[in-house]
Every structure is written in structure tokens, then in C-alpha cells.
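Chemist:
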Amino acid sequence: MTTSTDKRAADPRIAWYRNVRILRVVVQSVFVAAVFTLLFWLFNNLINNLDRLRIGTDFGFLGRSTGFQIPYDEGFDPRSPVRDMVLVGVKNTLLAGFFGILLATVLGVIIGVSRLSTNWLVAKLAAIYVETFRNIPPLIIIIFFGFAVFTYGPFPVLSNAAEIRFPGADRTGLILSNTVWGIPSFLAGPNIGVFWASMAVAVVAAAVAFGWRTRLHERTGAPERRARWSFGVFMVVALAGLVLGGDAFSISWPELSETRRRVVGGFRLNNGFISVTVALGLYTASHIAEIIRGSILAVPKGQSEAANAIALTGFQRYRYVLLPQAMRIAVPPIISQYLNLVKNTSLGVAVAYAEITNLTLTSIGNGRPAPQSILVLMGVYLMFSLTISFLLNIYNRRIQLVEH
Amino acid sequence: MADERSFFETGLDEPLIVANEPRPPREKLNPPQWLRKRLFNSWYNSAVTLVLIPVIAYLGWRFFSFLVFNARWDPVRNNLTLFMVGRFPRAELWRVVAQVVIWSSAIGLAWGAAVAGAKARALRAGLPYREDPLLAKVRRYGALLVIVGLFLAMTQTWGPLIIFAGSVASAAVLQFLGSRTAAEHVAFLWAGVAVLGVAGFQVVSGFYGNGWLWMGVPIAVAASKLVGRIEWSSPLAARLARLGGVAVVLVVAYVAYMVIDHRGVGWEQWEGLRLNLLAAPIAIVLAFPLGVALAIARRSSFPALRIISTGYIELIRGVPLISLLLMGQFFIGFFLNTTTPLSSITRAITALTMFTSAYIAEIVRGGLQSIPRVQVEAGQSVGLRPFTIIRLIVLPQALRNVIPAMVGQFIALTKDTTLLSIIAVADLLYVRGIVHAQAEYRAFGIAETLVFVALIFWAITFSMSRESQRLERKLGVGER
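Protein chains in written order, with our numbering: chain Z, 1 to 404; chain P, 1001 to 1480.
Structure (C-alpha cells):
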């Protein structure tokens, strides 16, 4: 086909307006010119309108002070520049995204497998879960947690918060209220460096053990048991480092301040964070469960029957036969669900969780220029999306290499 | 086994014959066998069953007692109109009622036309036509029926019941008449559906501005078809006659609207559930041409088109909808060379359209990729132009393959319309806040209204996803 095009292009008898080579250039130039004219017109209008309203058109506002206190973030100084506020927002978005993804994955896999259970009750419960959460808008679920569970829900106000001790502990381990929860956390001690170093050594040792078991298996055919070996080596080395290092970290217990208006110490979760994480975790879990179920069903039935024929148990059938094959189908759509979850954290705006969209909105309300602020916001999300789709592409390429 | 095959209605042009795949016979179990096989077939399944039964009983009881005994439904019961239409001017409420009745009639007529078309195709192919039993239809739309029933049970006047009965009755009558129409008149039924659809629209938005054009176009198309049926001496005469028919109808429509000048309610006042239900289809319809163009551009051999289209699609798909809505709220009007502010609905629907077009583009691109290259080459071999190949060969097949995915996008968009509440557009979720802001409902819990709103969305999206699964099975996408 290309040869015929070339011949025609070279043929002097063909008029220029019928020459494919010239036409291609002309059509594309006209199109590009039209698009750029349109964009220029839009941009020009934007600049004119902003000038008329005396709104700046530069990004200088990023260096000026934020001007408001980020909720539940006592460490943030309102005088620090907008740039720092954006970073706090990004951190909170990623935090909610990370824990949401964790919850969604664990719950989604369990429920997806449960839908195929031979136990009627389990399968029906999983189906009801999926059909309920998949069909309710995530914003409603977030608002339900934020307001019906927290703000107006059963938890006491902070000054009257429930202080729960773990059995056997002598201090309050858990503080529950309708705004902030406190849980114990680790505090870095003087020898934290030793701890991290021993962790690094442990990871290397585990990797070495993994490789050794693989080679042993390939050479002698002995059972691999790679996971068991590398986990064992990791634990031994890490524990040894912990004992020898000493004072690597201490436990910080949550405590109500004297005014009973703040929680000090421990790790503090606020209602916005819990609502966004749990609601999006539950919502996305229903989608992931459907993907897992579909992928398992997409594995040819013969595989499952073969596993039954060699008398594998139900667990072994999933672990060694079905899930490895299903995962290859399931991973790309699951990763795009992760991306959706990260984008959906922007709904935290409804429960005043201090993620990037909410902070941008507050900042615009405080007189920062809207077009630039939203451009920054879109840039942040675009960065997340492009990173995730980049990883997805790498994964897809790897799978293809394995297949061919 | 020819009589085992069945036809169904899709409104598509070619007959779709789907053979019922032979299924393994279902084992018949008596109750003790069923218990043993489905609940106690191994020791761990027995343990799981025994743990789950009390848990389910407890949760079920808590939910039931909340719904029936503890919940105080007054904020919902006393504000049903607010939930449905928001702050739509109460003096103009008859327009909404008329719209509901007209659109129900349109749905009934469309259903009847689809049945008539399927019957005609079955007759042509020499196969028996089998209609779904009533029970299957009721089960298919059960969730919606339950919600409508709940809604009617909560009303305090007879009005909603009468409107509902009237809509159902007119839809049923039109469905009955439509399904018995002769094959050659089915096209007129579809024209009628279009006219009813536009009429339902116009009865609310009134007849000012370009309203005559909306109403005139479907009637003109019908007129052109009608004139086309007459035998003319030459093709040119036929074409002229058809054009003349269109022109006459458009002029008549224009004059009629100038005379009537009947002002209505603009979409700035769409609120409540009405807004949620209308915003999604409007955005889909507006985004569809743009999405198809973007998809074709992305697969074009012109790099400039490809790059621009890919850039737009990836940019939009990479950001959350809420950021586009915020853009709409704060500065989309600044892109225009005007100082008159756009209404918040216009800005929201623009943002929704931009968002949806990128997703439709990706769906359509999937459909285009599913068309084998031979199809294009076949078109080239008979000397068609590239554009004609796309229009006549590639697009019709590609679009048929993406129907289920489009329904999925429609469902997602319906759920996404709740985001309008964040930018203070009064959709169903936002109206909830208005209800609780009233002094007399301050003391009430907020869970009831949330459950009500969630149930409505659940019923709508659940029914739609069931329908799309059915469509997917019938179309056999992915099986051919």
C-alpha cells in the first residue's frame, strides 16, 4: 500500500490538490491551526476577564502565606506559604489513598472469592454486599460515615471521649470520640539508626535466602519453600537487630490534653480521614470483588476440575491453580480501580478532610486566584494518574513477555 | 432446534438471533439435601454457617428495626416534593407533571415500536416471536417498583398516586397499540416517540428562543419520510418534494411558536431528583458526538490529530470530576468573551460533558479496535472514501459492540451527578441539606434522609446494571 502511495506521490501527472502527501500536510496544518486559534481565543478571554476583575495571572501566590489553619494539623503554621499547604494536601490525599487501597484490596479479594463459595449463605452475603455498595454513589457513603457515624453518630464528643484500655495494659490505649481517634504509635528512640540498618540487612538477607532456595530447587528439585525461608531469615535478623540495638523506639500512648479539647501523643486519626478511607475502601472493595470473581470465572473450568482431580484442597486449589492465573487477568483493572480510589479521595471535601481538593477550595475561598489554584490541583492528580498508568504499562509489558 | 431460538428487541436494524446455549440440568434437591449440600458440605463450611446465622439475624434485626420502629421518617414524608423537584416554582409544578406523563407515554410507545419491529424481523426470518412473561418483566424492574411503592406509601395526598396511575395507564395503552402496529408503519411510531420526547422537554422549558427548532425537527423528519413514500416521477422530484416538506413543517413550527409564545421554566431551576435523572442523559447525548470524533481522531493516521486527541483524553481522564466541576464553578465563564454569568447548571453540564466525552472516546476506541482490519480493506476494495468507510462500515459495527460499556458509563455518570451537591447545585443530595436546614427538622436524625437518598440511587443504578447485563448477554459481546 505504501508503495502505491509513493508512486502516486512521485507521479508528476497528479495535481497537487490530489497528492496524498501534500493533502496530509495541508489537512493537519489546518486542523492544528484551528485548534490553536480556539485555544488562543479561550486563553485570551481568560486573561482579559482576569485583568478586568484584577485577579493576578501569575503563580506568585504559591509563595505567599496560606492564611488559615489546616484542621487537625496543629503542626502547620498558617503563615507558611501556599506551597507547603499543597504538600500537606498531597500527603493527606496519599495517606487516605494508601489505606483505602489496603482496605479495598483485602476486603475485595475476600468478598470476590466468597461470591464463588459453595456455602450458599457466604455466597449470598457477598453478593448482597457487592450489589449494595456498587450501586450507591461513593459520595453518599462518605457522607454517611462522616455525619451519621461520626458528627451526629453514637460516639461521644471529645471532652467526654471514651478512653479504652487494652486488657493487661496500664494506660489508655484507644481514645474514641466523634471527631478524633487516638491509637498508640511508635516514637523514634536514640538508636533508631541501628534499627533501620538492621532492617536493611534483614531485607538483603531475606533476598539472598530467596535466591538460594530458588537455585537449590532448580538444581536438586528440593521443595522451594521460598516464602517461608525468606520470612524466617528476615524475622531472625530483624529481631536480632532490635534486641542488640536496644532503645530503637518507644511506644507513644494517646492521651487527652488537660483542657480535654485535643488528643496528645499516639497517632491521631480524625473523622474525615476515617470516613474517606473506610467509605472508599468499602465502595472500591465491591468493584474489586467483581473483578476478582470475573477473573476467577475466566480461568478455564478444566483447571479447577484438574485441581479437584489431583485432590487439592479448596485452599490449595485457589492458591496454586486458580488465583495465579486469575491475577494476570485481574491486575490491570484492579490498578485502574486504585486510580479511581485515589481520584475519589477528592470527595473528602464533603466531610472536611484536609486533602488537596479541600485545601485548594478553602484557599480559593481565602482569595487565592481560582484558575491557577485549580491548575495546580489538576497537575497533582495528573501526576498520580500518569505514575499509576506508567506502572500499569510496565506490568502489562512484563506479563506479555511471560506469555510469549 | 429452530423453535428454541428467540428474538428480542434492541431497536437495532438487523435481526439478532441468539441461540439459547444448552445448560446443564439443574439438580433438584429436597430441603434436607439442600441444607447438606449448600450449607453443611464440609466441617469448615458448617462452622462458617453456624457463625454467620446469628450474625445475620442480629444485623438483619437491627436494620429492620431501624427502618420500621426507630427511624423517624417525618423529614422525608413531609418533603417529598422538595426531594423530587427541589425548589421548582410551585405554581409551575403542572409542567413537571405533564412532562412525567408525556415521557412515560413516549417510553410506552418506544417499547411498543420495539416489540412491533422485533415481530416483523422474526416474521421475515421465519422464526416464532416469543414475548417475555409478565413475571419476568416485574422481576427485572422489581427494585424500581419497590422504590416507587415506598414513595407512594409515604405520600399524604392522592396526587402522586393519580399521576403514577395515569402515566402507567397511558404507557400501557400506547405499548399495546404500538406492539400491534403493522411493520411498515413502525417508522412513524419512532417519529412519534421523538415528538413526544421533545414535547415533554418543551412543556417545561416553554416555547421561547429556539424552542421551535427542537420541536420542528423531529416532525420535519417524519414529514420527509412521509413524502418519501409517495411515488415521484424522478429521483430529483422526490428529493425536492422531501426538502419542500421539511421546509414547510419548519416554517409552520416557527410561525406557530411565534404566535404561541409560551414562556416556561429554564434549566436553571432544575433541582432535586429531577436534576440527577436529567443531567446524566443530557451530558451523555452532548458528549457522544465529541467522544466519537475524539476516538476516530485518536486512531487516525494523522499524527497531529492523534496527539491532540490523546492529550485531551488523558488530561480529562487523569483528573477527578470534582476538579472539572470546580473549574466550571469558578472560571469556565472567563473563557468566553462575555460578561454575563452562565447559570450554575450550564457550567455543571459543560463540565460533565467535557468529562464524559473523554470516557466515551475511550469506550468507542475499544469498539473501533474490535473491528477487524478486513472490514476497512473491503470498503477500500469497492472504492469507498475513508470517511464513508468509517461512517457506513466501521462505526455501525463498533457502536453496537460498545452498547454495554456505554450503559456502564451512563450508570457511573448517574452516580457522579451527586457531586453536583459539592458545588452547591441543588441535586437530590443537596436538597437533603435544605430539608435539615428547616427549623422544624433540626431535632431529627440525619440517617433517615441519607438512607432514603441512597435507596433511590441504589434502585436506579441496580436496575440499570441488571438491564445492561441482560443486554450484554443478548448481544453476545465478547462471545463472537
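We put the beta carbon where it would ideally sit given N, CA and C, even for glycine.
Between the segment 1240-1257 of chain P and the segment 1059-1077 of chain P, can you find at least three pairs of beta-carbon atoms closer than 8 Å?
Modeler: The segment 1059-1077 of chain P vs the segment 1240-1257 of chain P: no contact.
Chemist: What separation, rounded to the nearest whole angstrom, lies between the Cα atoms of Arg1432 (chain P) and Gly89 (chain Z)?
Modeler: In the second sequence, residue 1432 (chain P) corresponds to position 432, counting from 1. In the first sequence, residue 89 (chain Z) corresponds to position 89, counting from 1. Computed Cα separation, rounded: 28 Å.
Chemist: Going by the C-beta, is Val1217 (chain P) closer than 7 Å to any heavy atom of the ligand NAP?
Modeler: This structure lacks the ligand NAP, and indeed carries no ligand of any kind.
Chemist: Which residue from P:Gln1380, P:Leu1226, P:Glu1092 and P:Gly1197 puts its Cα closest to that of Ala1187 (chain P)?
Modeler: Indexing the second sequence from 1 puts residue 1187 (chain P) at position 187. Of the listed residues, the one whose Cα sits closest to Ala1187 (chain P) is P:Leu1226.
Chemist: Do Asp247 (chain Z) and Pro190 (chain Z) have their CB atoms nearer than 8 Å?
Modeler: The residue labelled residue 247 (chain Z) in the question sits at position 247 within the first sequence. The residue labelled residue 190 (chain Z) in the question sits at position 190 within the first sequence. Yes, the Cβ-Cβ distance between Asp247 (chain Z) and Pro190 (chain Z) is below 8 Å.
Chemist: Using DSSP with H/G/I as helix, E/B as strand and the rest coil, what is Asn270 (chain Z)?
Modeler: The count along the first sequence starts at 1 and reaches residue 270 (chain Z) at position 270. Reduced to three states, the DSSP call for Asn270 (chain Z) is strand.
Chemist: Would you tell me roughly how many angstroms separate the C-alpha atoms of Phe1335 (chain P) and Phe43 (chain Z), rounded to the nearest one?
Modeler: As a position in the second sequence, residue 1335 (chain P) is number 335, starting the count at 1. As a position in the first sequence, residue 43 (chain Z) is number 43, starting the count at 1. Those two C-alpha atoms are separated by around 7 Å.
Chemist: What number of angstroms, rounded off, separates the C-alpha of Ile388 (chain Z) from the C-alpha of Arg397 (chain Z)?
Modeler: Residue 388 (chain Z) sits at position 388 when you count from the first residue of the first sequence. Residue 397 (chain Z) sits at position 397 when you count from the first residue of the first sequence. If I take the Cα positions, the gap works out to 14 Å.
Chemist: Given this structure, state the Cα-to-Cα distance separating Met1464 (chain P) from Met1406 (chain P), to the nearest angstrom.
Modeler: Taking the second sequence and counting its residues from 1, one reaches residue 1464 (chain P) at position 464. Taking the second sequence and counting its residues from 1, one reaches residue 1406 (chain P) at position 406. Whole-angstrom Cα-Cα distance: 12 Å.
Chemist: What is the C-beta distance between Val1048 (chain P) and Val86 (chain Z), in whole angstroms, given that I count them as a contact (C-beta under 8 Å)?
Modeler: Translated into the one-based positions of the second sequence, residue 1048 (chain P) becomes position 48. Translated into the one-based positions of the first sequence, residue 86 (chain Z) becomes position 86. Contact doesn't hold; Cβ gap of about 48 Å is too wide.
Chemist: Who are the neighbours of Arg24 (chain Z) on chain P, taking C-beta pairs under 7 Å?
Modeler: In the first sequence, the residue the question calls residue 24 (chain Z) occupies position 24. In chain order: Phe1302.
Chemist: In whole angstroms, what is the alpha-carbon distance linking Glu305 (chain Z) and Phe36 (chain Z)?
Modeler: The residue you call residue 305 (chain Z) lines up with position 305 of the first sequence. The residue you call residue 36 (chain Z) lines up with position 36 of the first sequence. If I take the Cα positions, the gap works out to 60 Å.
Chemist: Just reading off the alpha helix (DSSP H) that Arg1306 (chain P) is part of, what are its end residues?
Modeler: Working through the second sequence from its first residue, we reach residue 1306 (chain P) at position 306. Counting along the chain, the alpha helix (DSSP H) containing Arg1306 (chain P) begins and ends at Pro1303 to Gly1318.
Chemist: Is Leu377 (chain Z) near Thr362 (chain Z), with beta carbons less than 8 Å apart?
Modeler: On the first sequence, residue 377 (chain Z) is found 377 positions in, with the first residue counted as 1. On the first sequence, residue 362 (chain Z) is found 362 positions in, with the first residue counted as 1. Not closer than 8 Å, so no.
Chemist: Lys1028 (chain P) CB to nearest chain Z CB: under 8 Å?
Modeler: Residue numbering aside, residue 1028 (chain P) sits at position 28 when the second sequence is read from its first letter. Not an interface residue.
Chemist: Of all the CB atoms in chain Z, is at least one closer than 8 Å to the CB of Trp1111 (chain P)?
Modeler: As a working mapping, residue 1111 (chain P) is identified with position 111 in the second sequence. By this cut-off, Trp1111 (chain P) is not an interface position.
Chemist: So what does DSSP say about Glu403 (chain Z), is it helix, strand or coil?
Modeler: Taking the first residue of the first sequence as 1, we reach residue 403 (chain Z) at position 403. Annotation note: pLDDT 48 at Glu403 (chain Z) (below 50); position unreliable, coordinate value reported separately. Note: Glu403 (chain Z) maps to helix in three-state DSSP.
Chemist: Pull out every residue of the segment 1036-1049 of chain P whose Cβ sits closer than 7 Å to any Cβ of chain Z, in chain order.
Modeler: Those residues of the segment 1036-1049 of chain P that come within reach of chain Z (Cβ to Cβ, closer than 7 Å) are Arg1038, Leu1039, Asn1041, Asn1045, Val1048 and Thr1049.
Chemist: Assuming the contact rule is C-beta atoms closer than 8 Å, Gly1197 (chain P) and Gly1264 (chain P) should be a hit. Round their C-beta distance to whole Å, please.
Modeler: Mapped onto the second sequence, residue 1197 (chain P) falls at position 197. Mapped onto the second sequence, residue 1264 (chain P) falls at position 264. Gly1197 (chain P) to Gly1264 (chain P), Cβ: 16 Å. No contact.
Chemist: Which residue wins for smallest C-alpha separation from Ile1219 (chain P), given the options P:Gly1228, P:Ile1422, P:Leu1429 and P:Gly1192?
Modeler: Along the second sequence, one-based indexing puts residue 1219 (chain P) at 219. Here the closest residue by C-alpha is P:Gly1192.
Chemist: Would you say Trp1458 (chain P) lies against chain Z (beta-carbon separation less than 8 Å)?
Modeler: Against the second sequence, residue 1458 (chain P) aligns to sequence position 458. Judged by the 8 Å Cβ criterion, Trp1458 (chain P) is in contact with chain Z.
Chemist: Answer with yes or no whether the minimum CB distance from Val349 (chain Z) to chain P is below 8 Å.
Modeler: Taking the first sequence and counting its residues from 1, one reaches residue 349 (chain Z) at position 349. Taking Cβ atoms only, chain P reaches closer than 8 Å to Val349 (chain Z), which makes this a yes.
Chemist: Leaving out five residues before and five after Ile1296 (chain P) in sequence, what residues of the same chain have Cβ atoms less than 7 Å from its Cβ?
Modeler: For the purposes of this step, residue 1296 (chain P) is identified with residue 296 of the second sequence, where counting begins at 1. Correct list, in chain order: Ile1390.
Chemist: Please list, in chain order, the chain P residues whose beta carbon lies closer than 9 Å to that of Glu131 (chain Z).
Modeler: Within the first sequence, residue 131 (chain Z) is the residue found at index 131, counting from 1. Ordered by position in chain P, the residues that pass the 9 Å Cβ test against Glu131 (chain Z) are Trp1458, Phe1462 and Ser1465.
Chemist: Return helix, strand or coil for Met1 (chain Z), following the three-state DSSP convention.
Modeler: Your numbering for residue 1 (chain Z) matches position 1 in the first sequence. Its pLDDT being 42, under 50, Met1 (chain Z) is placed unreliably in this model, and the value from its coordinates should be taken loosely. The answer is coil: DSSP assigns Met1 (chain Z) none of H, G, I, E or B.
Chemist: Ends of the alpha helix (DSSP H) at Trp120 (chain Z)?
Modeler: As a first step, residue 120 (chain Z) is located in the first sequence; it is residue number 120 there, counting from the start. Where Trp120 (chain Z) is concerned, the enclosing alpha helix (DSSP H) stretches over Trp120 to Arg134.
Chemist: How long is the line joining the alpha carbons of Leu176 (chain Z) and Leu269 (chain Z), rounded to whole angstroms?
Modeler: Residue mapping note: residue 176 (chain Z) aligns to position 176 of the first sequence, counting from 1. Residue mapping note: residue 269 (chain Z) aligns to position 269 of the first sequence, counting from 1. Cα-Cα distance, rounded: 10 Å.
Chemist: Using the C-alpha atoms, what's the distance from Val1376 (chain P) back to Ile1393 (chain P)?
Modeler: To locate residue 1393 (chain P), count along the second sequence from 1; it is residue 393. To locate residue 1376 (chain P), count along the second sequence from 1; it is residue 376. Each residue's Cα considered, the two are about 7 Å apart.
Chemist: Taking the alpha carbon of Ala1283 (chain P) as the point to measure from, which residue in P:Tyr1141, P:Ala1120, P:Ile1349 and P:Gly1266 has its own alpha carbon closest?
Modeler: Locating residue 1283 (chain P) in the second sequence gives position 283, where the first residue counts as 1. Considering only alpha carbons, the answer is P:Ile1349.
Chemist: Since I believe Ala104 (chain Z) is in contact with Arg115 (chain Z) (beta carbons under 8 Å), could you give me their beta-carbon distance rounded to a whole number of angstroms?
Modeler: Working through the first sequence from its first residue, we reach residue 115 (chain Z) at position 115. Working through the first sequence from its first residue, we reach residue 104 (chain Z) at position 104. No, Arg115 (chain Z) and Ala104 (chain Z) are not in contact; Cβ-Cβ is about 16 Å, not under 8 Å.
Chemist: Have a look at the DSSP bridge pairing and note the partners of Ser1381 (chain P).
Modeler: Position 381 of the second sequence, counting from 1, holds the residue named residue 1381 (chain P). DSSP output for Ser1381 (chain P) lists no bridge partner at all.
Chemist: Could you name the residues of chain C that Phe31 (chain Z) contacts, counting a contact when the two beta carbons are closer than 7 Å?
Modeler: No chain C is part of this structure, whose protein chains are labelled Z and P.
Chemist: Look at Val1168 (chain P) and Ala1098 (chain P) and say whether their C-beta atoms are less than 8 Å apart.
Modeler: For the purposes of this step, residue 1168 (chain P) is identified with residue 168 of the second sequence, where counting begins at 1. For the purposes of this step, residue 1098 (chain P) is identified with residue 98 of the second sequence, where counting begins at 1. Against a cut-off of 8 Å, the Cβ pair of Ala1098 (chain P) and Val1168 (chain P) comes out as no contact.
Chemist: Comparing the C-beta of Leu187 (chain Z) with each C-beta of chain P, is any distance below 8 Å?
Modeler: By one-based count along the first sequence, residue 187 (chain Z) stands at place 187. So, not an interface residue.
Chemist: I need the boundaries of the beta strand (DSSP E) containing Ser250 (chain Z), first residue and last residue.
Modeler: Against the first sequence, residue 250 (chain Z) aligns to sequence position 250. Residues Phe249 to Ser252.
Chemist: Report the residue from Z:Gly60, Z:Leu256 and Z:Ile22 whose alpha carbon sits nearest the alpha carbon of Pro369 (chain Z).
Modeler: Locating residue 369 (chain Z) in the first sequence gives position 369, counting from the first residue. Checked all of Z:Gly60, Z:Leu256 and Z:Ile22; the closest Cα to Pro369 (chain Z) is Z:Gly60.
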